[in-house]
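> This is the structure, below, for whatever I ask next.
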Amino acid sequence: MDYLANSFSHALKLLVAMDPEVLEVVFLSLKVSSLSTLLASVLGLPLGFILATKRFTGRQGIISVLNSLLGLPTVVAGLFVYAFLSRQGILGVLGLLFTWQAIVIGQFVVVLPLITALVLNAIKEIEEGYRETALSLGASRWQAALLVLWEARFAISGAIIAGFGRVLGEVGVSMMLGGNIAGSTRTLTTAIALETSKGDFGFALALGLVLLLISFIINTALHWLRER
Amino acid sequence: MNYICRNIRKEYDGKEILSLSELHLPLGKTTVIMGPNGAGKTSLLRILAFLETDYFGDLLVAGEKVGKTLEGTKKFRRRSGVIWQRPVMYNMSVRANVALGLRLRRVKAEEAEAKVDAILAKLGLTQLAHVNAKRLSGGETQKVSIARALVVDPEFIFVDEPSSNLDIEAIELMHRLLLEEKEKGKTIVLITHNLAEAKRLGDYLVFLNQGQVLASGELPEVFSAPALTESPYWRYI
Chain A
27 MDYLANSFSH ALKLLVAMDP EVLEVVFLSL KVSSLSTLLA SVLGLPLGFI LATKRFTGRQ
87 GIISVLNSLL GLPTVVAGLF VYAFLSRQGI LGVLGLLFTW QAIVIGQFVV VLPLITALVL
147 NAIKEIEEGY RETALSLGAS RWQAALLVLW EARFAISGAI IAGFGRVLGE VGVSMMLGGN
207 IAGSTRTLTT AIALETSKGD FGFALALGLV LLLISFIINT ALHWLRER
Chain B
3 MNYICRNIRK EYDGKEILSL SELHLPLGKT TVIMGPNGAG KTSLLRILAF LETDYFGDLL
63 VAGEKVGKTL EGTKKFRRRS GVIWQRPVMY NMSVRANVAL GLRLRRVKAE EAEAKVDAIL
123 AKLGLTQLAH VNAKRLSGGE TQKVSIARAL VVDPEFIFVD EPSSNLDIEA IELMHRLLLE
183 EKEKGKTIVL ITHNLAEAKR LGDYLVFLNQ GQVLASGELP EVFSAPALTE SPYWRYI
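If you read the sequences in order, they're chains A and B. Heads up: the first sequence begins at 27 in my numbering, then just goes up one per residue. Heads up: the second sequence begins at 3 in my numbering, then just goes up one per residue.
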């Protein structure tokens, strides 16, 4: 019990003192997760919109693949990207393995299906009525599409935030592609795993508390958006 | 001058839901579409309102052929207003919803403001102008949809069973507005199940059954047409 209490007090001290090592890990995590979520949103938003609104051959196939990828374990995603980025891989010459950029690529692979699927569902639900109403109000094709997007804005923001939450909390990709290198690729989750195994429970707990706080903020934002 | 539908055929899931050889709707008059449920009334209204592009046949407005792409129908859609049976409101204020058609047509802000103010006052919606349109009752929503359709001063007004969500007072107001629009020479196409409404507002009737025209013509003469009076649907009317 003392051990837990001591660790907890050590964690709080680290947080209050704004320990540079803790801050570095937190900022790196926020940086890679924000970047991967941003890139996945740039591709996932139009992809989700097209899948929800257009009928074309292969559409159902793409949706099935997307849905299967939703449950993709992050270590498996890491493994696939590793195969491309390792020295023998076709992108090996870029020398990206064990860099924070590699984590961004891996997280992008993890979060793209999630954001696309959530955007697809959000738009599919409202598309027919809102698009037709827009057209009946004299909208051009593009204006009608923009009005549908505007109407789905809260659900789309929710999809992006949910995606961010997923990659911030993942450990498989960060460990396999980042290598958990101190000062370079150590993220919140990989640092927690490492520090716990090293026995520095206080440090791990401090990072855990930060992760919990961010999760709480994400969930509050999601709840607020769902109520809109 | 007429609005002509020539050899219109519409399929849905491989099944023919509409098949009309030739239909002439008089411009500047009110045409009422009646018929039992599933007769194809709303499908026909969607085609007539230039919202459908996937159908066979041609639409000719005063001799001008209507295109079959969204860009091709845009010109005609911008001359139209549609009042739906179950209107969809955008997640914005009543005022913004009503102003949408004007914004899409890039009407100048001051002009749009004045038009929106006038139509809101006419429909008794001024008090609700800043309320989110999603929070309105069914009747209020229908009134906003009427304001939203009429604010652009459309030449064509398409109405799908408008009275289903309205109380007697609101129905009376809507009838007065539609009669006013008819006076101005607007072409109105209205779906209704209500005979009194059809007689009060209509000049011309199209009676549909199973996707085909059972009878059409001037009101009230068409009500004595044998095709209608001798059909099993006469009892329904």
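C-beta atoms are modelled at their ideal positions from N, C-alpha and C, and glycine is treated no differently. Computed from a predicted model, the values in this text were never measured in an experiment.
Could you give the distance in angstroms between the alpha-carbon of leucine 41 (chain A) and the alpha-carbon of alanine 232 (chain A)?
Leucine 41 (chain A) and alanine 232 (chain A) have their C-alpha atoms some 6 Å from each other.
> Buried or exposed for valine 238 (chain A), please, with buried defined as at least 16 other CB atoms from any protein chain shown within 10 angstroms of its CB.
In the sequence as displayed, the identity of residue 238 (chain A) is leucine instead of valine. Answer is exposed; the Cβ neighbour count stays below 16.
> Starting from the Cα of lysine 17 (chain B), find the closest Cα among B:Gln212, B:Asp60 and B:Lys184 and give me that residue.
B:Gln212
> Can the beta-carbon of glutamate 196 (chain A) be found less than 8 Å from the beta-carbon of threonine 215 (chain A)?
In this structure, threonine 215 (chain A) lies closer than 8 Å to glutamate 196 (chain A) by Cβ.
> Is the Cβ of glycine 140 (chain B) closer than 8 Å to any Cβ of chain A?
The beta-carbon of glycine 140 (chain B) is placed no less than 8 Å from the nearest beta-carbon of chain A.
> From leucine 38 (chain A) to leucine 163 (chain A), what does the alpha carbon distance come to, in whole angstroms?
58 Å
> To the nearest angstrom, how far is the alpha carbon of leucine 1 (chain B) from that of leucine 98 (chain A)?
This structure leaves residue 1 (chain B) out entirely; chain B is present only between 3 and 239.
> Relative to chain B, which residues along the segment 160-173 of chain A have a C-beta separation below 9 Å, given in chain order?
Ala160, Leu161, Ser162, Leu163, Gly164, Ala165, Ser166, Arg167, Gln169, Ala170 and Leu173
> How would you label leucine 146 (chain A), buried or exposed, when you count the other beta carbons within 10 angstroms and need 16 or more for buried?
buried
> Going along the chain, which residues of its own chain have a beta-carbon closer than 8 Å to the beta-carbon of glutamine 169 (chain A), five neighbours each way excluded?
Excluding positions up to five away in sequence, the list reads Ala160.
> Does the segment 154-161 of chain B touch the segment 121-134 of chain B, meaning 3 or more C-beta pairs lie closer than 8 Å?
Short answer: they don't touch.
> Below 8 Å on the Cβ atoms is my guess for alanine 188 (chain A) versus leucine 144 (chain A); work out the distance and round it to an integer in Å.
6 Å
> Looking at the structure shown, is lysine 70 (chain B) part of a helix, part of a strand, or coil, going by DSSP?
coil
> Assuming the contact rule is C-beta atoms closer than 8 Å, threonine 63 (chain A) and valine 136 (chain A) should be a hit. Round their C-beta distance to whole Å, please.
Actually they do not touch by this definition, with Cβ atoms about 10 Å apart.
> So, are the CB atoms of alanine 51 (chain B) and methionine 3 (chain B) less than 8 Å apart?
no
> As a quick exercise: from B:Gln214, B:Ser233 and B:Glu199, pick the residue whose alpha carbon is nearest that of serine 23 (chain B).
Taking only the C-alpha atoms, the option nearest serine 23 (chain B) is B:Gln214.
> Less than 7 Å between C-beta atoms, sequence neighbours within five positions excluded: which residues of the same chain meet that for glycine 290 (chain A)?
The displayed coordinates of chain A run from 27 to 254. Any statement about residue 290 (chain A) would go beyond what the structure contains.
> Can leucine 106 (chain B) and alanine 78 (chain A) be called in contact, C-beta distance under 8 Å?
Cβ distance not < 8 Å, so leucine 106 (chain B) and alanine 78 (chain A) don't count as in contact.
> For glycine 155 (chain A), which residues in chain B fall below 7 Å Cβ to Cβ?
Val90, listed in chain order.
> Does DSSP put tyrosine 206 (chain B) in a helix, in a strand, or in coil?
strand
> Determine the chain B residues that contact glutamate 151 (chain A) at a beta-carbon separation under 9 Å, and present them in chain order.
Within 9 Å Cβ-Cβ: nothing; glutamate 151 (chain A) doesn't reach chain B, min ~12 Å.
> Could you tell me the alpha carbon to alpha carbon distance between glycine 87 (chain A) and phenylalanine 106 (chain A), rounded to whole angstroms?
21 Å
> Can you give me the C-alpha to C-alpha distance between phenylalanine 34 (chain A) and phenylalanine 229 (chain A), rounded to a whole angstrom?
Distance between the alpha carbons of phenylalanine 34 (chain A) and phenylalanine 229 (chain A): 9 Å.
> When you check each C-beta in the segment 172-200 of chain A against every C-beta of chain C, which residues fall closer than 9 Å?
You won't find chain C in this structure, because its protein chains are A and B.
> Could you please tell me which residues of the segment 92-108 of chain B, in chain order, have their CB closer than 8 Å to any CB of chain A?
Tyr92, Asn93, Leu102, Gly103, Leu106 and Arg107
> For histidine 26 (chain B), which three-state DSSP category applies?
strand
> Measuring alpha carbon to alpha carbon, tell me which of B:Leu203, B:Arg8 and B:Gly74 ends up nearest glycine 59 (chain B).
B:Arg8
> 8 Å is my cut-off, CB to CB: does leucine 72 (chain B) come that close to chain A?
yes
> Is leucine 230 (chain B) closer than 8 Å to leucine 203 (chain B) when the C-beta atoms are compared?
For leucine 203 (chain B) and leucine 230 (chain B), no; Cβs fall outside 8 Å.
> To the nearest angstrom, report how far apart leucine 210 (chain B) and alanine 200 (chain B) are at their CA atoms.
14 Å
> Measuring only between beta-carbons, confirm whether glutamate 158 (chain A) sits less than 8 Å from chain B.
yes
> Taking the alpha-carbon of arginine 252 (chain A) as reference, which of A:Val119, A:Ala185 and A:Arg212 has the nearest alpha-carbon?
When each option's Cα is compared against that of arginine 252 (chain A), the closest is A:Ala185.
> So which of A:Ala181, A:Gln133, A:Thr100 and A:Ile152 has the shortest CA-CA distance to histidine 249 (chain A)?
A:Ala181
> Does the beta carbon of arginine 137 (chain B) come closer than 8 Å to any beta carbon on chain A?
For arginine 137 (chain B), the answer is no, since every Cβ of chain A falls outside 8 Å of its Cβ.
> Kindly list, in the order they appear in chain A, the residues whose Cβ is closer than 8 Å to that of lysine 43 (chain B).
Near lysine 43 (chain B) there are no residues of chain A at all, since even the closest Cβ is about 16 Å away, more than 8 Å.
> I'd like to know if the segment 106-126 of chain A and the segment 198-208 of chain A are in contact, where contact means that at least 3 CB-CB pairs between them fall below 8 Å.
With the cut-off at 8 Å, the segment 106-126 of chain A and the segment 198-208 of chain A touch.
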